[in-house]
Structure formats: C-alpha cells, structure tokens
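Taking it in order: structure first as structure tokens, then the write-up.
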Amino acid sequence: MGRWTLHLSVGLGLLLILVSYTHAEANYCYATRSKTCSECLQAGKGCAYCPDETFNGPRCDLYENILAHGCSAAAVITAKSRMRIEREEQINVRMAQSQVSPQQMSMSLLPGEEKMVDMEVFAPTKGPLDLYILMDFSNSMEDDLDNLKRMGQELASLVKKLSDDYTIGFGKFVDKVIEPQTDMRPTKLDQPWPNSDPPFSFENVIKLTNDLNFFTSELQKERISGNLDAPEGGFDAILQAAVCTDNIGWREQSTHLLVFSTESAFHYEADGANVLSGILPRNDEKCHLDGEGKYTEATKQDYPSIPTLVRLLGKHNIIPVFAVTNHSYTYYKKLQTYFPIAEVGLLQEDSSNILQVMEMAFESIRSKMSIRAEDRPKAFEAEFLSASGKVAKHGDFAFRPGAIGKFKMRLKAHRMLDDSPVCKMDADEKSGLMRVKPTTFNAAMNVQATVLCPTCDCEKTAVANAPRCHGNGDLVCGKCQCHDGWLSTFCNCSASASALDTRLCIGPGSTEPCSGRGDCRECGRCVCYNPDQFEGPYCQYDRTQCPRFGGFLCNDRGSCIMGRCVCSDGWEGNACECPKSNQTCLDSKGGVCNGRGKCVCGLCECQSSGLEMTSTCEPNFQAQLGVCEATRTCAQCQAWKTGERKDKKECDKCPFRIIMVDELKEADKVMEKCSYRDEEDDCTYHYTLETPQNPDSKDLEVQVLKKKDCPAASLLWLLPLLLFLLLLLALLLLCCWKYCKCCKTCCQSCLALLPCCNKGRMVGFTKDDYLLRKSLLTSDHLDIPMARTGPLKGTDVVRWKVTDNVHWRPNHPQVLVEPNPKETIQYPISLRLNRRFSENLSRPDSKDAEQLRKEVADNLHEVYKHIPGAQKMQKTSFRTQRNAGKRQDYTIMDTVLSAPRSSYPDIVKLTERNVQSGRFSNLKVLPGYYTVATDREAAGAIEFQEDVESVDVHVPLFVKDEDDDKKQLLVKATDVPLGIAQIGKRLTNITILKEHASSVFSFLQPAYTYSRQDGVANIPISREIIEDGRAQVSYRTRDLTAKDKKDYVTVDGDLTYAPGETQKIVPVRLLELGEKDALLDDKQVKQFVMDLSNPRQGAKLGTYPRTTVTIADLPEPSVMMFKKGSQSFTTSDPNYTIPVVRTRNQDSPATVKWRTKKGQRFDLSGLLKFNPGETEKNIVIDPRSHPALSQPDSFQLELLEPSSNAAVGERKTTVVNVVEGVPRSPEIAQMQQKGFSGRLHAPGNPKAKATGPKSIRLNWDPPPGHPMGYKVKYWIYGDPEKDAQVLDVKTPQAELTNLYPYCDYEMRVSAYNSFGDGTETDMIPCQTLEDVPGEPGRLAFNVISPTVTQVSWAEPAETNGNITAYEVIYTPIDDDLKQVGAAKKVKIDSPKKRMLLIENLVNAQTYQYKVRAKNGVGWGPYRDATINLASQPARPLSIPIIPDVPIVDAEAGDEYDSYLMYSNEVLKSPAGSKTPSVSGDDYMMNGKWDQNFLFPGGSVTRNLSTSSTPMSTMNSHYMGGSFTTETTSNYMPGSPRRPDMMGGMHTTDVIMRKRSERGYADEHIRDSIVMGDMSSNFPDLDARLSPGVPDTPSRLVFSALGPTALKVSWQAPHCQKDILGYCVLYQPLNGGDVNRINVTNPADNSVIIQDLLPNHSYLFKVKAQSQEGWGPEREGVITIESAVDPKSPYSPMPGSPFTLSTPSAPGPLVFTALSPDSLQLSWEKPRKPNGDILGYVVTCEQLHGGGDTRSFQVSGDGAETRLTVPNLTENIPYKFKVQAQTTQGYGPEREGIITIESQDGGALSQYNNQSMTRRDVFNMPSDMNTMSSVSRTMIDDPYFSDGMMMTTQHTESSGMMTRQITKEVVQRSVMGGTTVTKNMFYES
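In this note's numbering, the protein residues as written are 57 to 1940.
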C-alpha cells in the first residue's frame, strides 16, 4: 500500500509539473530526455540543467521552466554562444575594385541557434576586367573567325568602354584528337580541311594582355581547323581556362569574363570513355598546358561534367558568356540555368554581332549579383535577405555597380541532421571556414563557424557512493547514477528476483500490471510498449485520448501529456481552444468588445440591443442597408419626435444620442452625411455620423442640423419674372438679326454663343469605324482623333467612354455570367502631370523616374486609400502623347490601381474630382485629362485648348487571347462638362480581327442528298465577310460513283461576290435513270463531289471546302423492328405491352403488320400505323380476351408486310414469355392498386463518396413500394460488369470495404421484393482516396566508373495515387552494413525522372542506396540496395546529355543538394550539317530513361536506326567489342467505351484505363508482325460484293506490349460508303470462348487486348461494317512467348523478355551496319510454315517515297537466313519486308524500318592496317523500347582490309538470372589475310 501511495504521489507531482509546462510543442530540451548535463546543454539553444540535489522536476528543460519548477537561479547551468567581428574595414568607393565588409568574423552557435549578420558589398562602375574569348575552331566557324579578325578596332573600343583597367586574351578549341571525334587518317591529321591547321583539343593562343595592338596582330595569324562529329570538346577548354590561372593570366581583383563562342553542341562526361582505343579515366580537374599553351591530356582523360564546371568556375570567380548560334541556342539556355550567373547570347550565322552580344551580356551580368556561402560546413545553413528582411531566392540581388549594396545573412546551426544530434557529427562537418561573397568577386567575408557543444564541469567532480544515493551509486551533477544491481531515482531498490513483484505495477482502478500496456520490471517499474503513445507510472495515460477541438487533438495548440492537454504559450482551456489574448475581441477603436460585452474564449459575448452587432459588439450598419438607413429612425425620433420610433419607449432603445447643431461639418471630415425627408411635414432634415473623438466613448457621434429644409408656400410670384425674361430674350434675338449684315463678325460671335444655332462649336469623332488586325497590333491602345469645328476661342473638355465586346448578344454566355463584384481587378489610370517631359523619365532606372514614381505612388495612395480594398500603385511609367494640342510636351503618367470590381464608379468619380481640382494630394496635375479602365470598359476625358482643332483619345483595346475572331468596341463621347461645344459625331466603332482573310468561303454542310426526281441539285456556297468588298472563288464537280452525262451534268466556273453579298447557289442538273440501270434491283449509290478552290481577292476557304452530293432514286425507307428480342410477363399482369420502334425517314407515315408465330393455342395479328414523326408504337395484348394467354406459355411475334416506303429491321421477331403470376398478398394488392404493380423501380438519387483509400459509402433514396432489401453491384472500372461483386443490404445505404486505393469503381443499385429484383440505377462512378505508395521497383545501376554511377528505379507497383516526388539517399557503409560516413539525401520533384547520376563517389567504397516515392498522402517505404562500384565488371557506359537525368556531385557542398541538373535534348548533329539533329527523348519512356536502354555511345560515329511496324525502332551499338540490339514501338491506346453483353458472346468495347488502373499501358511494344493477303480458312468471296459493303482489311499488324498484352492494328479497307466501325474477334487456337471487341469510332484502327495467356496461340479476326452490312474478315494467328513461373504457367516471370511469334512468320529482323551504304539483314525460320519453305522474298523501299523498290529472292530454308544489302543512301529511312514463300503460297510479312546516319568523313575501305572504330547507335522513339533477338553468325565483310580486327559483342539481359554463352566465328575476308572476329554474348 505504501508503494502504491508513493507511485500515486510521484505521478500526480509529475502531472502538475507537466501541466505547468506551456511550451509542449517546441520543448526539445525536455523531449531529448537527456541522461547527463552535457547532453542537456547540447540538445539545443535555451536548454538548461538543474544540478540541485533536492530538485524534483525535470532536470533538463527550458531555462524559464527550470526556474518555474523551483530550481535556484544561481544553480542553473546554461551555455551561451558568441559572435565576434575580427576585421571590419569600411568600403572605400574610390577604390576601383570589388569589396566586402566586414572581412573576418568568428562565431560559435549552439545547436538550433541562428545569428543575423549585416554585410555590405561594392562593385565599381568600371572596375578591372579580364576578358577571355574562347572560340570554336571547327571548319564551320571559318566565317566567324574572319569576322572577328576584321573587328579588331571595334573590339578595342568595346573593352575600353567596359572598363578602364582591362586585359583581353584568346583561346581556341576543337575536340579530342582521337577516334571517333577526329578523322585519324594521316592526310586528315595534317590538314582536315583546305587551308586549315591540324586538329587539336585546346590551345591558349593569347595570354590576357592590355596591349590591344598585340592582341589584334596575333589574332590575324590564326587559321581554322576541323573534326568529324558535330559536338565539340568545349568543356575541356573551359576547364583548362578556369584552372590554369597563371597560364591564362587571371588577375586577383578583377572581374573574370569567359566568352565561349560556338555553333555546335558539346561533349559531356563519359563521351570520351567509349572509344575503341581505350577507356579514358575521369577528368582530374588539374591544369595540363605545356609551354605552347596546348592541352596535353586530352586523349588521356575524359571530358568534365556539368557539376564539375559549375564548381570550378565558381571557385575561380569566372562568369561564362555563351555566344552561340540559333542551332544550339536552346541547349545552352538550359545549360545556363545550372550556373549561378551566366549569360547566353544569340549569334548571327557568321558571328557578325559578337561584340553586341558581349556588351549586352556584360551589362546584364553587372545588373545581377548572386551571394553564396562557399565551403560551408554541413552543420550550418545559410540564408540571405534583403535589407528589408525579404529572403532572396538563390541569393540573388539587384545591386547597382558604383553603389554600396546591403544585405543580411542568416546563419543557422542545425540541431538535428538525419535524425542524429549535430554534436555527434564529425568535427569537419560542424566547424570550418566559410567564404561569403558574390559569385563574381574574389573578395569575401571569411567566417570561422563552429557548432558549440558545451560540457558541464560538474561531471568531472562526481561524489562516489554518495549518501543521497544510499551508497549504491555516484552523485553526478545532482543526479544519482546507480551501480549495477540497483535501481530507482535514489538507487534504493535492488534488481534481485525478489523485486519482480507484478502487484507493484498495478495502478489504482486497474486490474492488470502496467494497465496492460507495458512490461512490469524491477521495483514496480513499468516500461510501456509504445512510449510515443502510452505514458505514466503505470502506462495509464494514452496520448491520443485528450480532448479535441474541431477534430484536432488539443486544438493542435498543445500536447496531450498525462491525460490532459498541456497548452502552448498563449492558449488555455480543456482542449487548448481558448486564446489567452483578447486580440480577437478588440474593436475598431482598440477597446474590448466596444464596452458592450465581455471577451470569453477569444469571442465577444455582446449585450442584447435591438441592432445587428459585429463580432466585436459594434453596430453593424452595413447589415442594415448602410449606416444612414440604419440610423435614420433613431435620429428622426430624437430630434423631431416623429417617424417609426416616435414612441418614447422605442426611441429610448436607440444605441446612440444625438447632438443638435447650427451647422454641420463638411462631408469629407465625417464618416457619412445623411439627408431624409420627414413625411409628417414634407421637410428634409440633415445629420452627420462620425466616430467619437473620445476613445472612452462607445457610441456613434450623431449631429443633427437644427433647421430643416422646407418647401416654399407658393411659386406664383415667379410667373411675371419668367415672362419678362422671355420678352427680353426675344428683343435680343431681333437686334442680332437686324444688325448681322453690317457686323458680320459680331453676328458670328453672337451665334456661337447661342446653343440653338447650328453655327456654334461642334466636337466629335472624325470616323465611324476603325478596322484592326490583331496580329499587326503594336500597342494595346489606339489613338483616335476627335475634331472641333466652329470658333476655336475658349476651352472644351469632352468626356468619353469605351465598352468592350459590344457585338455580344444579350443571351451570349459571357454576358449571362455576372462578374464577382468583390473580385480584385487592376484599374489602369492615366493622368497628365503639371510637369514637362524629359528624356530621363523615359528610362525606368533613371534617378528622375524613380523619384517621380515614388512621388506619384505616395500621393495617389493618399487619394485612393479611401476606396475599400484599394492597394498601392504599381507599374508606374511616363510618356507623352502626340496630337494633344498645347499639352503634348507635358508628362502623362500611366499606373495601375488594384481594387474590387464594384469600386469602378467610385474610382471614376474620385479621379474626376481630383483632376478638376488640379491636384492629387500634393501631386499637381493638369485639368481636363484622365483615363480609368477595367478589363471590359473605360472612361476618361480630353481637353481642347484655345485654338486647338484636333486631339487624340487614347482608347484601350482590351486585347485578350480569348477574344472572338471578330470583336467590336464602341467608343462614345458622352458629354461636355466644361465649354460650350456640342457633340456631333458621338460614336465610333473599333473592330479587331484575328483572321487575315477578308472573306471565308465554305459549303454550309459536308454532304447533301437530292432526289433524282428533283431534276436539279441547288448547292449553296456561303461567304463570311470579314472585310467587305469583292471576292471570288472557283468551283468544280468531280465523279465518284455518279458519272458525268449519265447521272448528272458536271459544272465548273467562278463565283464573284459583290460587296455585302454572302451566298450564291450553284445548280447542278440531275439526269433520269437509263433503261438498263432502272432494271437493276441492287443499284449502286450514286455520288459526286463539288470542290471549292482558288479563293481570290484576299479570301480563303473555310470549314467545308468540299461537299458530297448523293443522288437518291427513291426516298430512304423507314426501318421498323421490335425494341427487344424477348419480353417477359406474368399471368397476373393486366396487359402485355410489346414496343416496336422506327428509325430513318421518320417524316412520312408508315405501316407494318404483326402476327403470332409458333403459337399453338391461339392466333393473334394486327396492324401498326406510324404517323409522321412517330418513332415508337406498342402492340397491346389483353390476356382476358384470349383465355389461352392466362396460362404460362411462350410464343413469338413477328413483323411483316411493311408499307412501300418502309422495311423490317434486324429484330423482326420477339419472344414473349408468360410465367405463373405470384399469388398476391393484401400488401401487394394494395401496392398494385396504388400503381406499384410488379417489380420495383430503380432507387433514386444514388450518391457515392470515398471515405478512405479502401472504402466507399453509397446512399440512395428508396423507390416507391416496400422493398425487402437492396443489391449493390460494384466492380473496377474497365472490368466486365458480369464479374461484379454483389452486396446485399437491408437499408438504403452500403459501405464497400477492402477496395483498392486510388482506384476507379463503378456501381449499380437495385431494390428487390417478392416479385424479384427491380430496375437497376444508372452506373455510379467513384474513386477511392489515395494511400501512401508502395516501394519503388527494383533498383538498377549503370557503373560509369569506380566513382560514377547511375541509379534508376521503376515506378511503385502500387502507386496508390499520383506520384509527385522521389527521394534518394546514399550512405557509405562498411562490411557489417554500418554507416561510416554522412548520408546524402536528394529529392527529385519530377516523378518522370526516375534516374540519378551520382559523381565523385569514394573509390572502392560500398554504398547503400535507398529510394522511396511520395504521392499526395505522403512518403512510402524505401527500396534499398547495396553496391561497391569497384567490384562491378567494367561496363563503361556513355551518359550523354540526352535524357532528363538529375546529376549530383557527391563531393560538392550541401548547396548542391537541391541543385539538380537536367537535360533532355540530343546535342549531336550529322557531319556537314550546321543544324543539330534534335531527337526529343529518344532513349526515354514517358520522359524517363528505360533501364534496358542505357547504352554507350554519347558520341556518335554512325547511327543505325531501325523500326518495326507500326513504329518500332531497333538500335544497335558497336563499342569496344560489344554489340547490343533493341526493338521498340510506339503504343497508342484505343478509344474509351463500356463493357456490354450481346447474344451470349462476351462483348467488350475498346477501353483506355484511367490513371488509377493497372495494366500494360506504360509498357513497351516489343515486336511487330504484319499479316497481309494470305490464304484463309474462309471460302472465296465473290469479287462483286454488294455496293457499299467494305472489303477485307488489307493488313493486320500485331505488336506486343507485354507478356499478356497485345496491340492489334489494321488498315482501313476500301469501301464505297462510310465505314461505321470494326469488329475484332479472338479466341484461343485450341478452343475456348470467343471474345468480341466492337470499335464504334471508324477513325480508330487499333485495339489493345490485355487478358491474353502467355505462350498461348490465339486466332484473331477483323472485319469492317458500313450501312450495307459487315464485310469479309481478315484473320491471323499470333503467340506472345515469354518465360513463366514454373509453379504457375499462366503467370509470366517479372522482368522476363517477351516476343511475338506466329507459326508462319519469319523471326524478328536483325540489322547489322557494315558500312555507310550497306547493311546485313538476318532473320529466323518460321516455326510452323504453311508448307515447305522454298525461299524468301525481301523488299526494300525508301520510307517516304523516292527511288525504286528493290526485291531480293533468297533461297534456302535454314534455321537462320542472312542477306547483305548494298547501295543504300546515308540518312535515308528504308522499309524492309521479309515474307516466306512456301509450297502453299506466301506467308505473313515481317517489317522493319532502318536509317544509316553516317558521321565520319570517308569510306571505310580507305583504312589500312589500323584499328577500326565503329559505334552504331540506334535512335529510339520516346515511348517504348525492348530487347529483341540477334543474329548468331556473321558473313565476310568485304570492306575490311588486311590486318584489321573487328569485335562485336551482343548483350541481352533480364532481371531473373544471368548466363553467358560465347560463340566465336572466325572467317576469312574476300581480300585474304584479314580476320574478322565477332564475339557475341547472350545474357539472360
């Protein structure tokens, strides 16, 4: 009992301590549960330790908590950081060099602590400059070099302009002098091109010098050189120019600029590693220039990588400027993004503008500055902020040269890294010297940064066997550390067996030890199973069971500790739901709840008052239609005792008291000024409302004017005065008229003053319409002149407005959509300032413009801030306006104001009022001019000064991308507020056309049908007028099945349309049938076409330039048939209703008879009459009139004898089944009386909602009647509905569980009762929610070198959502799999990039690689693998800049973690071409590299590209004795449709699965086989098919997508009528169900089938359908061969290869390049040929036409057949077909498409006694790729000369097992003495 009491007291004490703790969320000090004092202080900033022996609280906690728990302040142990500036010299702006301040600092930060450092930088206006020009000297740059030589003087002027202290140097580069980059023939090595120097890699020609004459003279001596392939070795040159500081002559304090000029792409790391002469090691990043400045190690090491260049150029403060031509511009723009600062300039083809490019690049570089912290220790994080505190992305600042730039650096020490305390890291990772500087500076601030990991002195003075520890432990820093065998806080409990008493672990109110949530240990100590969830002395508290608020545990404002919420600072309440602050209760005057309530839990509880109150207890007048309306009745009753509240009790309830005054304040000085009429005396009273000046007052201050405005008693006294004035006016007119002849000038002046005379001043637009073309617009405004006539004395101001899209009708969709009045939009505003324009104002960066811009922003904000929601001005600019009268020299200011849309009228009024006053706050403006615009209308004013006749109106055009092809704006002059002018021409229209054509000609529809009896076909041709005028177009008819002079008379000619004419009719005469044709029963449909052509006078052809005319002999008949094939009724049904439907020609009456068929006991018949327009009639049979029908039976009804204009359709009969009716219960009888007879209707309003990743909730409304239950069918989208699962429920709701995450499901619901199942609902779709993804697919590695690898992975098998990112972690480990170094983490934000290239790994070090995927829910589990690159076989692979591969540098600092590099263009071009061949993603699948296609060959010498039908590509590479072949095809999914069942045969539609579905939609097409015209099992068809019936599909193509997935394609057959669709039938060859696929879209000619069995042969049949019926079938037999699981022969082995085969088709084609103009083709024998093989027919033709088709007859029937094809042309794609000839005829074809792309300079036969370098790369399409079979033997190669050896290696791999079979064939060549050796390795 005592021990139980002790536990209880300890628990309650601990609970009280924790409840007092208010920083539950951020208290990492307590959370670390530090065991020692040092561990506590190292936990992070603010942690403190209490060494007091008597202290009972947590010893490690935040300092304030330690004191609150009772620890003495003098005893508390803490640690403090330090920061010291060791050298700080002020920046001297007179020094022409870059500077930073301070220069030296040291700081030691506690873990988690951050410090802010102020820094200054200075770049001189014209500081020292080192300009090094690095130029491509390949032959194609010859004209560029000549131009540069001629620019010597201009270049000198440029460098003097850029800097007063300059040097300039020159270097040149070509490429590695090695195969295949360079032609190694001696003649080419001596002079690759006429008048050229020998090839070289890089040479420093002119060291940096300030002697421009020497530079120019040396440059004149240079000659061009050359190489073979288009990508150049510029990376070698850049690296040497960067690291050879002394050789180049870079100066310490200057800006280093490197201009890289080329027109070609570049070679990249690993491009130099795959040449036949040997494997080159990685670039060592050292200087290797000899005395002549030549690079000596070009052929001994590889090209550098992009991260290497980025790092080295940054280290040496060199800024690259890529001056490139248009051919390679896009590549270098992508390369630019990898550098902190770099520029790309576009050169002309001859580099004539290189100086302009250099100048623009230098100016751009000077305007930027990127701050970086170099050599930063891993434990620190640096961030750079502007002087205002805004974080600068990537450290970028816009500091101007010549001015001191100020910024801040925030340096933070990490507290934890990779879940490990930072103090446990290596010393070099938590301490080091950082260099903080702009990337262009040499000067830097050196920061010695260290993570402070303090230790406690009290740990060094432990008290051994301390009495407080009962002699059983040592007292260290106030805490007992028990000896072995002793436990508890004071070491007073023995750990002997006698102490294992579980009763000590049972808490109060519990019956189980440790509450059943932990293990009972010695001395009654409980160890909870899950410490993160359970806690307490007896594990009695659950951290997830504290109170919640809004669904969040402890309102997400605290932590659940010991069963209660411990709230964060500032929050309180049981669930931390109440803020302690009253900030949320402050009213607009700063008081709490306006003095009318109290603040409770962050909300005001207001006292009851009769008015609407805001949340802070202030009267909510806005909720009562405005403040005036809300206060009207109270002001009226208190002032005048009248109105609705004149009763005193009601008036006393008013929330304010009025003040009667003699004079009211001005309107702009009060909140609102109100006026209302008093109904009782018809007088108007006035009052004002304002916020009280006294802050203690809570009421509105209402001042009422004592005097009302009352109407006068009578107006009769005005009549005499009016009569007198009229008489006076008449006398005045008479005088003017009398003296007009003698005083003409005076008369005109007088008339001008009279508004009634037509001779006064007039203003108006000069034109009615303006027509603009959108493509020719150069401005978003149009200046429209407005003219003034008459006497020009005086000033007139004209207001105008413009409205957009006035051509929209009232029912236009955009007009019907009301804009959101609260939406914030931009208001462009223009004002004319009272300031003359200067040139400085036209430059936005000038000091004058900046100062005026600030003045405008400040003053306009003072005016517009009264508009609710208005923001500050933006985009302010200045201009002048021509034709502005006497004001055109004054400045017009354009700016943009953002405000709610509803504020437009207020903004216009406010603008006009301030313009009239001549000032906006303190900004002076000229009256008479302003413009205020929105996105759809604008208003403004212009001013005519004295003697000014014309002024332009600057009208906005509201040009938007979504504008109509022809839109209209209306500009209107509204009034003249100042002046005496009258408006004449008030309106003008602006029309903006997207089209360039003046007219568009088109037929009204694509087809017409005319009866032959009409005698003429009148065909209308429409013209749409865009620009009115004359237009012409030609027309002509052409025969189809209708023949000229037999069925119609052909016409042709020209149509001329007059202005305004929109349509003409072309008549075509139709002829009567001849006697012979009239006798034919089955006549062909007669059609001809009419074409439009040759539109003239600015016209073009529109939507229908051709129409098809059908000549109908007779009207098309109606088709009538039964609606259903069977009907079911019961004997209790009152009537049997059988519907009959009609299609086609529904506008005429039709009849059809019906009768019973096979009815044994009765005979029924009748007549159905369809009236015009009727489409359905019912046959109604009353069983009571036929007693035999009242018994169960089955009979048929048939339709017969249709009327002459009708026919009977496909369902001419229907089966009627009558079954025994169910005895009716009283309930059923009652239901039937109410109309609920028989089966139930479908449930109503079905709704489905996903409630989780594996569950869906379904609700519906019960149907009428009394359903006994419901059946819910559900299935995965795309699966057959017949395979659906059925759930039986009794209530109108269902919960579907155990579903797949993020998967589309379809559902139907039906109710059932005693009659059976009712009608089902329509299909209900729903998608389950996302879940975390599964682990990624198997990791694969490409070992580039012992320090470089490429890791790739497959998408998770269960994505469970949309993958959004991947994370890769690689960690060095030892043999025991323990970590021996820092782990590196890389996040790849693009889910398409499932590959990472890692460089600079430690040689011979084992690494563990882990990859995981992320979707919308979170991160999934890791997939890991361990590999040591040094132990892998040497398989050097080129990773060129082809794929989108992220690249990281393992040696780089942490700043590279988020600095992933991507590239996705092929940077290679054929020889002799200046244009690189861009092959988007040739090695990629869906934007990702496929692991099966990681081939060598980043540098291409000969490309051999092949393709298998329909669009497949075979790629072969020669590299160091290895040969690799792959085949790929593009996959195009079919059209979507839904499953259905027809006639007992399984019928499905072509489907395309949704994103959440699994299948082979992402797989590659691996192989293709073409079935042409061949023997068939079907009987011969009569060649004279019925007219309009389709022929047989001419070709059948099978393409493998996977071991169980197949794509079937065909060519559309010939047909005289339109194809309506296709049908595909397939079934196993050995028997089984026939599957049918209906293709309803005639444009689709392929289907995807995904449910095949591996290694099973299938028979496929394809046929087409037209209106006349189905055509004959094309059939083929196909098998997908693949490895299967021995235990499950229907399950393919994951990752195993697969290929197509057919018993009678040749094996897959294998291509082998022999020379630039010849290749070898080989194939395998058909496995089951249809007869004995006599030989093969091979055809070869150019893919895109041109040239003759070549045929080869190949005899023999061996296992493998080969053919050498000579005389091919380089860079031309060829199509090859191979077809076996047997005793039974010709079999199906194999197809392949191939291109030989040669890039070497001469014929191979010129080689003699040299090693031949040949590497063939097959460019593959971006979608698919796969492995294919390869040839096993080779033939003599006549192109190899004596002494040559060629080695070819083929590798085929899969993921399951590895086996190598080596077959070596040595053969003699034709020339003798030559040995050709080809080694072929097959790995599977």
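We put the beta carbon where it would ideally sit given N, CA and C, even for glycine.
Residues in its own chain within less than 7 Å of residue i by CB, not counting five upstream and five downstream?
i        : result
Ala-511  : The sequence given here has Thr at residue 511, not Ala. Taken in chain order, the residues that qualify are Ser-94.
Asp-575  : Val-583
Glu-1005 : Ala-843, Arg-844 and Leu-848
At the level of alpha carbons, what is the spacing between residue i and residue j?
i        : j        : result
Pro-1844 : Val-1141 : 35 Å
Asn-1694 : Val-1718 : 10 Å
Arg-1240 : Arg-1295 : 22 Å
Gly-1848 : Tyr-324  : 32 Å
Cys-634  : Asp-117  : 25 Å
Gln-1061 : Val-1027 : 38 Å
Asp-860  : Leu-785  : 45 Å
For residue i, which of helix, strand or coil comes out of DSSP?
i       : result
Trp-696 : helix
Gln-209 : helix
Glu-515 : helix
Ala-321 : coil
Ala-179 : coil
Cys-730 : strand
Met-481 : coil
Ala-293 : helix
Measure how close the beta-carbons of residue i and residue j come, nearest whole angstrom, since I'm counting them as under 8 Å.
i        : j        : result
Ser-1090 : Ala-1155 : At roughly 11 Å, the Cβ-Cβ gap does not stay under 8 Å, so Ser-1090 and Ala-1155 are not in contact.
Ile-1419 : Lys-1470 : 7 Å
Lys-1022 : Ile-1082 : 7 Å
Glu-1386 : Gly-1472 : 5 Å
Does the Cβ of residue i have 16 or more other Cβ atoms within 10 Å, making it buried, or fewer, making it exposed?
i        : result
Leu-1457 : buried
Gln-155  : buried
Ser-544  : buried
Pro-1195 : exposed
Pro-564  : exposed
Excluding the 5 residues preceding and the 5 following residue i in the sequence, name in chain order all residues of the same chain whose CB lies nearer than 6 Å to its CB.
i        : result
Ser-1738 : Pro-1659, Pro-1710, Pro-1748, Ser-1752 and Phe-1754
Gly-1437 : Pro-1428
Thr-1353 : Ser-1311
Phe-821  : Met-842, Lys-1041 and Thr-1044
Arg-1730 : Thr-1648, Pro-1649, Leu-1652 and Val-1718
Val-1208 : Met-1176, Leu-1224, Leu-1255 and Pro-1258
To which residues of the same chain is residue i closer than 8 Å at the C-beta, ignoring the five residues directly before and after it?
i       : result
Asn-409 : Leu-403
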